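If you want our numbering, it's the position in the sequence shown, counting the first as 1, plus 3.
Glycine included, every Cβ here is placed at the ideal spot set by N, Cα and C.
Fair warning: this is a prediction, and the values are worked out from it, not measured in the lab.
Below is one structure; the comments refer to it alone.
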Amino acid sequence: MFQILLVTVFYLLTINCISAGPKSIPLDNLYDKSSIIPVEFQKKDYGTFYYWYLKKYKKKPKIVYKLKAKMVSHIPKRDLKKFQQELGRTRYKTQNHAPFRYYDKSYKSRFLKGYEELEDVFSGYKDYKLNEMYLKGVAEEFPELVSYFTLGKTHGGRDIPAIRISVNNLDESKASILFNCAHHANELVGTEHCYDIIYTLLNESEKFTKVLENVNVWVVPIVNPDGSYLFWYKSTIMGRKNGFLFPEQNPDYYGRGVDLNRNYPFKWNSGHPTASSAKREHPFYRGVSPGSEPETQAMMGLVENERFVMSMSFHTFATRVLFPYTIEDTTNPQPDFAKELTERIVKYAVSYSPTRKYEAVKNIYPVDGTDQDYFYFKYGTLALLTESSHKNIPYENVHFILDGFRPSWKKFLSEYINGYKLILNIIDEEDNPVTAKVSIEEYVYSEGEEFTNNPLSGYFHRLFPDDSEYTLKIIAPEYKTEVLKFRPYKDFKVTTVVLKK
Numbered sequence: 004m005f006q007i008l009l010v011t012v013f014y015l016l017t018i019n020c021i022s023a024g025p026k027s028i029p030l031d032n033l034y035d036k037s038s039i040i041p042v043e044f045q046k047k048d049y050g051t052f053y054y055w056y057l058k059k060y061k062k063k064p065k066i067v068y069k070l071k072a073k074m075v076s077h078i079p080k081r082d083l084k085k086f087q088q089e090l091g092r093t094r095y096k097t098q099n100h101a102p103f104r105y106y107d108k109s110y111k112s113r114f115l116k117g118y119e120e121l122e123d124v125f126s127g128y129k130d131y132k133l134n135e136m137y138l139k140g141v142a143e144e145f146p147e148l149v150s151y152f153t154l155g156k157t158h159g160g161r162d163i164p165a166i167r168i169s170v171n172n173l174d175e176s177k178a179s180i181l182f183n184c185a186h187h188a189n190e191l192v193g194t195e196h197c198y199d200i201i202y203t204l205l206n207e208s209e210k211f212t213k214v215l216e217n218v219n220v221w222v223v224p225i226v227n228p229d230g231s232y233l234f235w236y237k238s239t240i241m242g243r244k245n246g247f248l249f250p251e252q253n254p255d256y257y258g259r260g261v262d263l264n265r266n267y268p269f270k271w272n273s274g275h276p277t278a279s280s281a282k283r284e285h286p287f288y289r290g291v292s293p294g295s296e297p298e299t300q301a302m303m304g305l306v307e308n309e310r311f312v313m314s315m316s317f318h319t320f321a322t323r324v325l326f327p328y329t330i331e332d333t334t335n336p337q338p339d340f341a342k343e344l345t346e347r348i349v350k351y352a353v354s355y356s357p358t359r360k361y362e363a364v365k366n367i368y369p370v371d372g373t374d375q376d377y378f379y380f381k382y383g384t385l386a387l388l389t390e391s392s393h394k395n396i397p398y399e400n401v402h403f404i405l406d407g408f409r410p411s412w413k414k415f416l417s418e419y420i421n422g423y424k425l426i427l428n429i430i431d432e433e434d435n436p437v438t439a440k441v442s443i444e445e446y447v448y449s450e451g452e453e454f455t456n457n458p459l460s461g462y463f464h465r466l467f468p469d470d471s472e473y474t475l476k477i478i479a480p481e482y483k484t485e486v487l488k489f490r491p492y493k494d495f496k497v498t499t500v501v502l503k504k
């Protein structure tokens with residue numbers, strides 16, 4: 004009773020601390036309601052701009068971005084008309100959809116500083132370069148907990164970096180859980196959620212001992228580095244899609260690229276008229292074929308190797324948590340544990356949206372070819388998708404958004420740690436892993452789902468809604484079929500099944 008009271012008090016204190024912030028935060032993106040506008044000009048024209056600015060504002064202009072021959076500074080929007088009249092539009096260009104880099108005054112100093120300590124990851128928004136720098140930085144600072152990986156390369160030749168946070172990395176019985184962000188790289192707050200997970204697990208590692216000892220936590224903060232480049236260095240109307248370019252397209256064409264979260268193989272091009280598009284310029288362009296994109300292939304390869312028991316993808320900004328299947332006319336398995344799980348964790352989220360509270364839903368609008376549905380269909384991963392409450396707001400308000408959702412992703416991790424689970428190892432009589440089809444007879448599947456254990460290790464992980472008795476059927480070519488009754492358990496014991504020929 005005393006333990007229950009302590010847990011209740013802690014939960015109430017957590018919610019009260021979160022609610023001590025503002026009741027809501029405006030949804031306006033930094034660049035949409037900014038009081039400044041970027042001005043781009045050639046380096047040779049800096050002198051004229053300098054003296055105009057000095058005379059007008061009694062101070063020197065700040066250069067926020069500089070290349071070999073080009074410079075960018077800011078002027079107040081209220082003075083735009085006068086500026087254009089006095090200095091002209093030809094030499095001094097202003098853009099309504101300027102690259103995000105033009106708005107980020109702190110970027111240069113943050114990039115030059117590099118990674119020095121964990122707190123640096125909350126110094127501002129991250130492009131693909133800062134992301135790679137920070138992930139390598141945490142791997143160097145916490146070598147006993149963090150391993151750095153490159154999952155693949157993009158069309159633009161950029162690495163797709165990831166980290167694994169864990170101890171006892173050689174223990175093959177450990178389950179893996181995935182957090183990924185920025186399939187759509189123009190959704191900056193999404194990436195911040197991934198960094199909130201990284202920061203919290205490392206800064207408070209002693210509180211997550213059970214997680215780190217029993218789970219490999221994988222984090223991919225920017226799945227779409229080419230999209231990050233386009234958003235930060237080309238235009239804020241780009242970046243949702245990746246860097247794919249047809250031969251006849253201009254590299255600066257706003258409609259270039261593939262929507263990675265319409266490119267996964269499960270029900271790719273489902274036939275629903277608005278779920279995805281065959282039009283190249285469309286925001287939902289699904290690509291030339293299922294899984295055609297290197298970023299999609301990199302994630303598919305990671306999931307194939309790790310067989311994640313759970314995953315969470317972050318997007319913005321509908322203030323929803325989606326459970327699979329999200330695709331129209333697709334039947335969920337029964338019992339629908341993914342839905343039940345989502346409904347539980349969403350109760351812990353606090354929204355700072357002025358219009359919405361977090362809700363658990365199947366989808367927001369028609370989709371197909373999504374990562375979470377592919378993971379769920381192919382591997383049975385309890386794959387959720389979080390639509391955060393805000394998109395690209397001023398960075399000083401981002402910590403409120405992260406504070407609000409942190410209890411939910413913590414609850415998500417605790418569901419595996421404290422939930423009813425099966426850790427199954429399938430081997431032959433010589434202790435070698437055997438690849439086998441694993442089915443649970445009490446589950447009803449309607450989409451042709453079939454699951455196998457990990458062929459590299461022989462392990463198979465599952466979470467269950469309760470400790471009811473289930474029937475496990477294991478089928479492998481050239482081996483006798485095994486059927487056994489079992490009850491899921493809350494500890495981390497391994498059930499070993501030896502297949503015989």
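Residues that DSSP places opposite residue i in a beta bridge
i    : result
H318 : E390
T277 : In the DSSP output, where bridge partners are listed per residue, T277 has none listed.
F326 : Looking at the DSSP assignment, F326 forms no beta bridge with any residue, so it has no partner.
M313 : I180, L385
Y482 : For Y482, which the question treats as bridged, DSSP gives no partner whatsoever.
Q300 : None, per the DSSP bridge assignment.
Y492 : K424
Contacts around residue i, its chain only, beta-carbon distance under 6 Å, and the 5 residues preceding and following it disregarded
i    : result
Y448 : P336
N308 : none
S109 : G127
D494 : none
K496 : none
F467 : Y423, P491
R243 : H187, N189, P286
I168 : L148, V149, L204, V220
Other residues of its chain near residue i: CB distance less than 8 Å, five sequence neighbours each side excluded
i    : result
K488 : E472, Y473, T474, L475
R289 : V261, D262, R265, N266, W271, N272, S279, S280, A281, D371, G372
K96  : V42, E43, F44
V349 : V324, Y361, E362, A363, S411
R113 : D123, S126, G127, L133
beta-carbon residue i near the ligand PLP non-hydrogen atom, thresh 7 Å
i    : result
N227 : Within the structure as shown, the ligand PLP is missing, as the structure has no ligands at all.
Anticipated Cβ contact below 8 Å, residue i with residue j, distance rounded
i    : j    : result
P410 : A352 : 7 Å
I200 : F211 : That pair is no contact at about 10 Å.
A178 : V218 : 6 Å
L121 : L205 : 6 Å
G193 : H318 : 6 Å
A321 : E390 : 4 Å
M313 : F415 : 7 Å
K440 : E452 : Not confirmed; about 11 Å, so no contact.
L154 : H393 : About 27 Å separates the two Cβ atoms, so there is no contact after all.
P224 : Y202 : With 8 Å as the limit, P224 and Y202 do not qualify as a contact, their Cβ atoms being about 11 Å apart.
R259 : G383 : Between G383 and R259 the Cβ distance is about 35 Å, and since that is not below 8 Å, they are no contact.
G246 : G159 : 5 Å
V226 : A185 : 6 Å
Y232 : R161 : 7 Å
Cβ of residue i within 8 Å of any chain B Cβ
i   : result
F52 : The structure shown contains no chain B, having only a single protein chain.
Residue from the options with nearest C-alpha to residue i
i    : options                : result
I176 : R310, I28, Y54         : According to the sequence displayed, residue 176 carries Ser and not Ile. The option with the nearest alpha carbon to S176 is R310.
P369 : N400, E331, T389       : E331
F234 : P146, L215, H285, D130 : D130
T334 : P286, D48, F380, N227  : F380
Y446 : I367, P338, H393       : P338
K61  : N421, S112, Y53        : Y53
Y419 : S231, A386, E390, E399 : A386
D82  : Y56, Y377, Y106, N227  : Y56
L148 : G451, R259, L215       : L215
E1   : L138, P164, D162       : Outside the modelled stretch of the chain, which goes from 4 to 504, sits residue 1, for which no answer is possible.
K36  : P397, E453, D174       : P397
Q375 : D406, F326, N421, Y355 : F326
I163 : S169, L173, F152       : F152
N366 : S354, L388, R347, F378 : L388
A101 : F86, E207, V500, D255  : D255
T499 : E433, Y106, S417, Y34  : E433
T455 : Y355, V306, G117, T345 : V306
Contacting residues, own chain, Cβ-Cβ under 7 Å from residue i (five flanking each side not counted)
i    : result
V437 : I429, I430, D431, G461, A479, Y482, L502
N400 : I28
E195 : V401, L405
E89  : W55
T11  : Confidence at T11 is low in this model, with a pLDDT of 43, below 50, so the placement of that residue is unreliable and no value is reported for it.
P79  : S38, I39
L33  : Y106, N395, I396, P397
field: Secondary structure, beta strand (DSSP E): runs of 3+ residues fully inside the segment 186 to 273
entry: Listed in chain order, they are 218 to 223.
message: Please give me, in chain order, every unbroken run of the beta strand (DSSP E) with length at least 3 that falls completely inside the segment 354 to 415.
response: 362 to 364, 385 to 391
message: List, from N- to C-terminal side, the beta strand (DSSP E) runs of 3 residues or more that fit wholly inside the segment 48 to 103.
response: 73 to 79
task: Give, in chain order, every unbroken run of the beta strand (DSSP E) that is at least 3 residues long and sits entirely within the segment 136 to 189.
output: 149 to 156, 162 to 168, 178 to 184
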